[in-house]
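Asker: Okay, here's the structure, questions in a sec.
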Amino acid sequence: MTDPAIDGFQFILHAPNERLSKENRSKIRRHAMKVVGAARRTPNDASHREPAKYYKTHPSMDMSSLLPPMPLSGLELLVKDQGLDPLDLSSLTTVHIGPIASSLLQLDSSQLPGVLAYRQWSYFSFIPPRFGHVAALDDAFQCLVTITHSLLVPKHRQSDRVILQRYGKALQSLQKAVDEPNSRYYSEILCATGMLSIFELLNSPNGQLWYHHIAGASQIIQFRGPERFSSEFDIALLLSLGYPICAESLLNNKSCFLDDPTWIQVIENAIDDSETFTDRSPLGIRLLTLMVRVPGLAKKTYHAVAMQHSLQPRDFDAVATKVRILRSDVAAWRRDFNMTLIHATDTTKKNSTPDTDKRYELLGVALIIQILTSRMIVCVSPNDRGLLEEEVQSFATELKCLLGSVGHHRRAEFFLTQKVKIANAALVTHDDFAAAIGCDRVIEAWKLKKFDNAFGRRTSDGRTCCAQEE
């Protein structure tokens, strides 16, 4: 399924102080002409409206505090037409691994109503007062609503041409905003990027362009800097995109920029002590700060294994020590989670609620961290191989059992199914990691590659990995 409006699209990000190269300017012009051409060949849509003009403000300012209240007639008409409120889409921010989620929805789109059953705190809560002010946000939201409605009501699905035309328009608006110095730092631009990543997991058979948008969101966040994440909208964006950014980094074999004291402090500042199992609860925030460490340690582990013949014993010990610290920290988190669960208010076991679903989601993330950290130590510390490989199998089995117990919690089931791919990868490679190590100093590189490939993680030759890190 292709369309001239988006075929070959490349989302171009560049440093704020750098001029666009001639090549990138040509790419943008070519893409813009394709979208315009597609629009001219498509019948006019009565619901089409002109994109809102950009307002000239300082990059660090929150637009909602500067703009006068705007009649929400445009948003109200869209909600009335499609039957979807921005808050109805909030649960889609719990998708952490886009390609897996995309494959699940392609196999059975009837899962979507269960995923959207409950509203939760997310950046979608902040869209209504901003709708109609920034074209990139407006176009991205309309694009996302169109594909969501088409999946929920297949009999009234929009044609592929209409869906892709709106997607092409949203991409063009986003690119224009990124190129504009006065708008590239807007919270609304980051929000639009996040929404287009969700569009990709809903509309693509494999969600591969999800990586593209999450990587783009990661760059925008870094360009903006920690100091711009202080408003509630910005905090919601950072927390909602935090796990997808970690997943994209892990699967592409690179470190996560959020694993930095300054960014960790920004995340911790978002804690809401009145919450128990939400993303902003002390447990939720603490778990995210653990997760941001995983991609970098996985990268270091892969490098140590791939380059083992050129490294010294102290190099392996250094990696193992850092991974052991994370393993200890996540074990402590599990103990605190269990104690909090014991003292939590009892809820029904038969019906899904936002609170119970969040408990499953947090536990699922913790189990993934435990599987990966224990397997990393197995790779670089031969003396711990026997004990910790059994630990890997125990955590993987626990995650699969957890999934099997949540059949009536549709959102939790959808979330955990994304995670189980890593558990399955650990289980099917057990014999390889349990077997005695040959003549190599640590685990053989082919075994780690087999494990990584089993859950879709990119691998390299080690040298390339190291060069990229430097």
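Add 89 to the 1-based position in the sequence shown for the numbering used here, that's all there is to it. Don't be surprised by glycine CBs; every beta carbon is placed ideally from N, CA and C. Predicted model only: the values in this text are computed from it and were never measured.
So which of V454, N472, D177, L226 has the shortest CA-CA distance to L285?
Answerer: It is L226 whose Cα lies nearest to the Cα of L285.
Asker: Compare the C-alpha of S198 against each of R273, V242, H222 and name the closest.
Answerer: Nearest C-alpha to S198: V242.
Asker: For the candidate residues F405, L505, F484, I511, whose alpha-carbon lies nearest to that of G493?
Answerer: That would be L505, whose Cα lies nearest to the Cα of G493.
Asker: If I334 and I303 are in contact, beta carbons under 8 Å, what's the gap, nearest whole angstrom?
Answerer: Sure, about 6 Å apart at Cβ, within 8 Å.
Asker: Which one of D362, T351, S191 has the shortest CA to CA distance from F288?
Answerer: Ranking the options by Cα distance to F288, first place goes to S191.
Asker: Less than 8 Å between the beta carbons of F503 and V223, yes or no?
Answerer: No, the pair does not count as a contact, with Cβ atoms beyond the cut-off.
Asker: Tell me the DSSP secondary structure of C528 in three-state form.
Answerer: Reduced to three states, the DSSP call for C528 is coil.
Asker: Give the single residue among V481, T183, L178, L240 whose Cα lies nearest to the Cα of D520.
Answerer: Among V481, T183, L178, L240, the Cα nearest to that of D520 is on V481.
Asker: Could you tell me the distance, in whole angstroms, from the CA atom of V251 to the CA atom of N295?
Answerer: Spanning the two alpha carbons is a distance of roughly 20 Å.
Asker: For K343, name the three-state secondary structure that DSSP assigns.
Answerer: Correct three-state label for K343: coil.
Asker: Tell whether a beta-carbon distance below 8 Å holds between T429 and L488.
Answerer: No, these two residues do not count as a Cβ contact at 8 Å.
Asker: Could you compute how far the alpha carbon of L379 sits from the alpha carbon of V419?
Answerer: The straight-line gap from Cα to Cα measures roughly 7 Å.
Asker: Between the region 518 to 537 and the region 466 to 479, can you find at least three pairs of beta-carbon atoms closer than 8 Å?
Answerer: Verdict: yes, contact present.
Asker: Which stretch, first to last residue, makes up the alpha helix (DSSP H) that contains D227?
Answerer: Counting along the chain, the alpha helix (DSSP H) containing D227 begins and ends at 224 to 241.
Asker: DSSP state of H398, grouped into three classes?
Answerer: Correct three-state label for H398: helix.
Asker: In terms of residue numbering, what span does the alpha helix (DSSP H) encompassing Y300 cover?
Answerer: 297 to 313 is the span of the alpha helix (DSSP H), which, as asked, contains Y300.
Asker: Start and end of the alpha helix (DSSP H) containing D268?
Answerer: Counting along the chain, the alpha helix (DSSP H) containing D268 begins and ends at 249 to 268.
Asker: Once you ignore the five residues that flank L516 on each side, which residues in its own chain have a CB closer than 6 Å to its CB?
Answerer: Hits under 6 Å: A485.
Asker: Give the range of the alpha helix (DSSP H) segment to which R219 is assigned.
Answerer: Run containing R219: none; DSSP gives neither H nor E here.
Asker: Kindly provide the ranges of any alpha helix (DSSP H) runs that are 4 or more residues long and lie completely inside the region 418 to 478, ordered along the chain.
Answerer: Runs found: 443 to 469.
Asker: For N542, report the span of its alpha helix (DSSP H) as first-last.
Answerer: Segment 534 to 543, the alpha helix (DSSP H) holding N542.
Asker: State yes or no: is the C-beta of S211 within less than 8 Å of the C-beta of T235?
Answerer: Cβ distance not < 8 Å, so S211 and T235 don't count as in contact.
Asker: Do the region 393 to 402 and the region 353 to 368 touch if we need at least three Cβ pairs shorter than 8 Å?
Answerer: Too few Cβ pairs lie closer than 8 Å, so no.
Asker: Whole-angstrom Cβ separation of Y300 and E337, contact assumed at under 8 Å?
Answerer: Indeed they touch by this definition, with Cβ atoms about 6 Å apart.
Asker: Quick check on W535: buried or exposed, where buried means 16 or more other Cβ atoms within 10 Å of its Cβ?
Answerer: Exposed.
Asker: Quick one: Cα of R546 to Cα of R382, how far?
Answerer: Straight-line Cα distance between these residues: approximately 16 Å.
Asker: Count the other C-beta atoms from every protein chain shown that fall within 10 angstroms of the C-beta of K258, then say buried if there are 16 or more, exposed otherwise.
Answerer: Its Cβ being crowded by 16 or more others within 10 Å, K258 is buried.
Asker: Mapping the DSSP letters down to three states, classify G496 as helix, strand or coil.
Answerer: Residue state, collapsed to three classes: coil.
Asker: Leaving out the 5 sequence neighbours to the left and right, which residues in its chain are closer than 6 Å to Q195 when beta-carbon positions are compared?
Answerer: P294.
Asker: Would you report the Cα separation of Q311 and K447, rounded to the nearest angstrom?
Answerer: About 28 Å.
Asker: Can you name the start and end residues of the alpha helix (DSSP H) that P350 belongs to?
Answerer: Here the alpha helix (DSSP H) through P350 covers 350 to 357.
Asker: Where Q401 and L193 are concerned, what is the direct C-alpha to C-alpha distance, given to the nearest angstrom?
Answerer: Going from the Cα of Q401 to the Cα of L193 covers about 44 Å.
Asker: Taking T462 as the reference, give the member of E450, E478, Y449, L451 with the closest Cα.
Answerer: The shortest C-alpha separation from T462 is found at E478.
Asker: What does a CB cutoff of less than 8 Å around S329 pick up in its chain, not counting 5 residues either side in sequence?
Answerer: So the list reads T182, S211, Y212, G283, D368, once near-sequence residues are dropped.
Asker: For the candidate residues E321, A306, I374, whose alpha-carbon lies nearest to that of L451?
Answerer: It is I374.
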